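Step one of this worksheet: look at the structure below.
Protein chains: 2
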Amino acid sequence: MRAPYGLNILDNCLTCAVREEHLFCNLSVAAGQRLNEIKSTAVYPKGAMLFIEGQQPRGVFVLCAGKAKLSTSSREGKTIITKISDSGDILGLNAVISSRPYEVTAEMMEPGQANFIPRESLLQFLRDHGEVALRVAEQLSRNYYTAYEEIRTLGLSTSPSEKFAKLLLSWSTKTAQTDGTSQVKLTLTHEEIAEIIGTTRETVSRLFSEFKKKQLLQLKGSTLVIRNRVALEKIVQS
Amino acid sequence: MRAPYGLNILDNCLTCAVREEHLFCNLSVAAGQRLNEIKSTAVYPKGAMLFIEGQQPRGVFVLCAGKAKLSTSSREGKTIITKISDSGDILGLNAVISSRPYEVTAEMMEPGQANFIPRESLLQFLRDHGEVALRVAEQLSRNYYTAYEEIRTLGLSTSPSEKFAKLLLSWSTKTAQTDGTSQVKLTLTHEEIAEIIGTTRETVSRLFSEFKKKQLLQLKGSTLVIRNRVALEKIVQS
DNA sequence: ACGCGTTCGTGACGGCGATCACACCGCGAA
DNA sequence: TTCGCGGTGTGATCGCCGTCACGAACGCGT
Chain C
26 MRAPYGLNIL
36 DNCLTCAVRE
46 EHLFCNLSVA
56 AGQRLNEIKS
66 TAVYPKGAML
76 FIEGQQPRGV
86 FVLCAGKAKL
96 STSSREGKTI
106 ITKISDSGDI
116 LGLNAVISSR
126 PYEVTAEMME
136 PGQANFIPRE
146 SLLQFLRDHG
156 EVALRVAEQL
166 SRNYYTAYEE
176 IRTLGLSTSP
186 SEKFAKLLLS
196 WSTKTAQTDG
206 TSQVKLTLTH
216 EEIAEIIGTT
226 RETVSRLFSE
236 FKKKQLLQLK
246 GSTLVIRNRV
256 ALEKIVQS
Chain G
26 MRAPYGLNIL
36 DNCLTCAVRE
46 EHLFCNLSVA
56 AGQRLNEIKS
66 TAVYPKGAML
76 FIEGQQPRGV
86 FVLCAGKAKL
96 STSSREGKTI
106 ITKISDSGDI
116 LGLNAVISSR
126 PYEVTAEMME
136 PGQANFIPRE
146 SLLQFLRDHG
156 EVALRVAEQL
166 SRNYYTAYEE
176 IRTLGLSTSP
186 SEKFAKLLLS
196 WSTKTAQTDG
206 TSQVKLTLTH
216 EEIAEIIGTT
226 RETVSRLFSE
236 FKKKQLLQLK
246 GSTLVIRNRV
256 ALEKIVQS
């Protein structure tokens with residue numbers, strides 16, 4: 026099966042296949058069935074905006090394939106990226122639950138696919154299935170934790186090098202080797218990295234140079250090799 | 026009735042008396058009754074720690090009287106204050122729901138009183154009353170919003186003056202007059218203000234001087250007079 | 001191959017705010 | 001009164017990083 030934007034449609038995009046601990050998994054039969062009725066699947070090209078900061082919440086998106094970047098920006102155009110979401114993530118949940126505007130913009134970074142659940146359907150679904158509401162609360166509190174982590178990064182570590190080291194470590198944990206090295210496919214531009222750690226493109230460039238010189242990392246084509254985790258951890262809490 | 030720490034005990038500290046829109050208000054009779062059984066009231070002196078960042082969650086605190094400051098700090102001792110809570114606020118909810126350690130430290134800034142609901146009791150209560158779980162979810166998503174607001178402040182506005190102006194405005198909204206002025210009782214030290222906006226005590230001192238000179242504010246004893254809201258708003262988004 | 005746009009590297013400069021240092025003030029305790 | 005102490009004002013210094021500027025490198029379509 027062939028979709029637009031050169032992407033294969035996933036015949037049955039069950040989020041459970043992606044994440045066992047997922048919000049909408051292991052539901053009662055009735056709930057699962059109902060969920061299937063109210064969701065709809067769509068395919069998005071690179072650059073597509075799932076929703077934009079400030080819009081009234083239309084519903085939530087469950088990402089099945091592709092990555093999306095969540096960002097906020099100020100009036101003068103300065104932008105910060107708060108999260109890179111990938112398969113299994115639920116986008117827009119906070120806005121829908123609290124009936125406030127989306128607090129971020131969600132933009133596809135590569136072609137992808139997502140399930141959409143309209144706002145009203147979801148709320149009614151939760152009212153009908155109290156047990157799921159509690160799991161939604163759990164999911165929200167997890168979101169809160171990552172937001173808080175962000176606050177700590179922005180508020181407590183002032184220097185760009187510290188934040189850069191933190192970011193590298195967060196990437197590295199996913200593919201850690203026993204010898205302390207790890208490899209990551211680098212899909213972000215320096216500009217985007219700058220928006221994540223709240224600095225400028227130039228500084229990110231200089232940080233790469235500096236960290237290469239210090240043997241903390243290495244670049245092989247577009248794969249980033251992190252060579253010394255302990256040294257990075259030392260920078261973080263320096 | 027007289028409590029320790031020179032505080033009058035509130036005979037019946039119903040949070041509903043404080044806030045109509047409150048989480049635990051307008052419950053079904055059964056739920057309300059049950060809630061009354063599992064809660065317990067205590068009085069705290071100034072400086073008391075309700076809970077400390079990193080501790081396993083024991084339960085939630087519903088603040089009835091007094092103010093509490095929520096803060097996080099890094100290993101090297103740098104501290105940021107993320108919120109000043111007052112009557113009606115629920116503290117520790119995120120930690121309890123997600124069963125993760127408290128993400129902040131809650132310290133009483135003045136003598137006060139709070140209801141305590143133990144972790145397990147609350148979770149069981151929510152399992153038994155699905156309709157309340159949804160309201161908890163709403164509360165959590167509101168928390169998320171304020172956290173996000175914090176992220177925007179820290180990440181998007183770089184200069185201390187901008188953040189200071191933002192803080193003043195947030196104070197001012199509560200007591201706004203028609204002529205654009207407002208009065209606030211100033212209970213925080215410069216040091217604490219510095220920890221809120223992520224700068225140093227000295228800079229806060231200089232900001233006060235600067236803003237006084239610009240006729241933006243005025244100090245009468247310990248009451249702060251905000252004289253020009255529009256000018257402050259201009260600084261925020263400059 | 002050519003040109004064009006995006007991304008990246010790096011130098012020069014300047015300003016802002018962190019840091020240090022010290023004086024001052026108000027207030028409660030001895 | 002005289003300490004001591006927590007809070008406050010303010011000058012001097014200095015280093016980091018944001019800004020501007022430019023050129024190189026890479027990918028991409030025609």
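Chains as they are written, first to last, in this note's numbering: chain C, 26 to 263; chain G, 26 to 263.
Note that beta-carbon positions come from the ideal geometry of N, C-alpha and C, so glycine has one too.
Note that the coordinates shown come from a computational prediction; the quantities given were computed from them, not determined experimentally.
Cβ closer than 8 Å: which chain G residues qualify as neighbours of Leu-155(C)?
Per the sequence presented here, residue 155(C) reads as Gly, with Leu not at that position. What Gly-155(C) touches in chain G: His-154, Gly-155, Glu-156, Ala-158, Leu-159.
8 Å Cβ cutoff, Glu-163(C) in contact with chain G
Yes, because at least one Cβ of chain G sits closer than 8 Å to the Cβ of Glu-163(C).
Using a threshold of 8 Å, state whether the C-beta atoms of Val-54(G) and Val-85(G) are closer than that.
no
Return the CA-CA distance between Glu-101(C) and Val-261(G), expressed in angstroms with no decimal places.
11 Å
Could you check where the beta strand (DSSP E) with Asn-140(G) kicks off and where it finishes?
137-143
Quick one: is Lys-92(G) near chain C, going by C-beta distance under 8 Å?
no
Cut-off 7 Å between Cβ atoms - residues of its own chain near Thr-206(G), not counting five sequence neighbours on either side
Val-250, Ile-251, Arg-252
Excluding the 5 residues preceding and the 5 following Thr-130(G) in the sequence, name in chain order all residues of the same chain whose CB lies nearer than 6 Å to its CB.
Ile-77, Glu-78, Ser-96
So does Thr-200(G) have its beta carbon nearer than 7 Å to some heavy atom of the ligand FAD?
The model on display carries no ligand, and the ligand FAD is accordingly not part of it.
So which of His-154(G), Met-133(G), Ile-105(G), Pro-185(G) has the shortest CA-CA distance to Glu-235(G)?
Pro-185(G)
Supposed close pair Lys-191(C), Glu-135(C) - CB separation, criterion 8 Å
25 Å between Cβ atoms; not a contact.
Beta-carbon neighbours of Lys-103(G), restricted to chain C and to distances below 8 Å:
Leu-181
Quick test of your reading: Leu-48(C) and Leu-75(C), contact by CB under 8 Å. State the CB separation rounded to the nearest angstrom.
Not quite, the Cβ-Cβ distance comes to about 17 Å (not below 8 Å), so this is no contact.
Starting from the Cα of Ile-109(C), find the closest Cα among Asp-204(C), Leu-244(C), Ala-172(C) and give me that residue.
Ala-172(C)
Could you tell me whether the stretch 55-70 of chain G touches the stretch 148-160 of chain G, where touching means 3 or more Cβ pairs closer than 8 Å?
A contact exists between the stretch 55-70 of chain G and the stretch 148-160 of chain G.
Name, please, each residue of chain C whose Cβ falls closer than 8 Å to the Cβ of Tyr-170(G).
Asn-119, Ser-123, Arg-125, Glu-128
For a contact defined as C-beta to C-beta under 8 Å, what are the partners of Leu-151(C) on chain G?
Simply Leu-159, Ala-162.
Would you grab the beta carbon distance between Gln-208(G) and Thr-248(G) for me? Rounded to a whole angstrom, and I think it's under 8 Å.
5 Å between Cβ atoms; contact.
6 Å CB neighbourhood of Gly-31(G) in its chain, flanking five on each side removed:
With a pLDDT of only 46 at Gly-31(G), under the threshold of 50, the placement of this residue in the model should not be trusted; the figure read from the coordinates follows. Cβ within range, chain order: n/a, list empty.
Which residue from Met-133(G), Asn-140(G), Ile-63(G), Phe-189(G) puts its Cα closest to that of Leu-241(G)?
Phe-189(G)
Spatial neighbours of Tyr-69(G) in its chain, beta-carbon cut-off 6 Å, leaving aside the 5 residues before and after:
Result list for Tyr-69(G): Met-133, Gly-137, in chain order.
Distance cutoff 8 Å, beta carbons only. Does Gln-262(C) sit that close to anything in chain G?
yes
Thr-206(G) bridges to which residues according to DSSP?
Looking at the DSSP assignment, Thr-206(G) forms no beta bridge with any residue, so it has no partner.
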